[in-house]
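Notes to accompany the following structure.
Numbering (full-length UniProt numbering), first residue to last: 1 to 228.
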């Protein structure tokens, strides 16, 4: 019966486009996010079940790192991977000149002990993975943002933003991870392109940047363009 229940839950999750996470270190364990509930299964038995207080996105994501299971479902949650106990919850406010609203967390990233979140408001944030405290937030006005790329040591983060102004105006930006300080920025204006903004790719000392139908090759240290 337990195997049947697990199979039915997995089938329902896949059919609904929701999320199943199977960590490589525990091939018999599955983490399942369906509706407002997170389940952990192992060897056909339920390890735990946790109900999220809120669920505000159609595209949730989970990230398993060390002892924590991070869940982005509008707000961000950190759960103990063994017990399902909620360690913290973080809502992300979006402050404008006239009002404050909540941003919805849509993507999670991890590099060298640092937790990053992207939101539906096209912002990138770094959070303390132990407490959920927001350490910094980065955005360009009225611009889409790519998923981040990281230097090998994880001390520099690279993102691409795009504004549509008849043409596509791209900015490739390098930021320090510690304090979100601007290290360098390059701007390229190209014919309009409407696909999602793709993440740059780090290859040793080169940064490969897909921009619509072209790929810019930049130097990671200063953003100098080496080739197109």
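Note that beta-carbon positions come from the ideal geometry of N, C-alpha and C, so glycine has one too.
Between the C-alpha atoms of residue 79 and residue 86 there is a straight-line separation of about 4 Å. Of the candidates 136, 31 and 159, 31 places its Cα closest to the Cα of residue 65. The criterion of a C-beta distance shorter than 9 Å is satisfied by residue 191 and residue 167. Burial of residue 109 is indicated by the presence of at least 16 other C-beta atoms within 10 angstroms of its C-beta. Here residue 74 carries a strand assignment [DSSP, helix/strand/coil]. Around the beta carbon of residue 145, 16 or more other beta carbons sit within 10 angstroms, so the residue counts as buried. No Cβ-Cβ contact shorter than 9 Å links residue 220 with residue 176. Under the DSSP assignment, residue 224 falls outside any beta strand (DSSP E); it carries neither an H nor an E label.
Just measuring C-alpha positions, the residue of 52, 102, 70 and 44 sitting nearest residue 116 is 70. Rounded to the nearest whole angstrom, the C-alpha separation of residue 163 and residue 89 is 32 Å.
Per DSSP, reduced to three states, the secondary structure at residue 123 is coil, with no helix or strand assignment.
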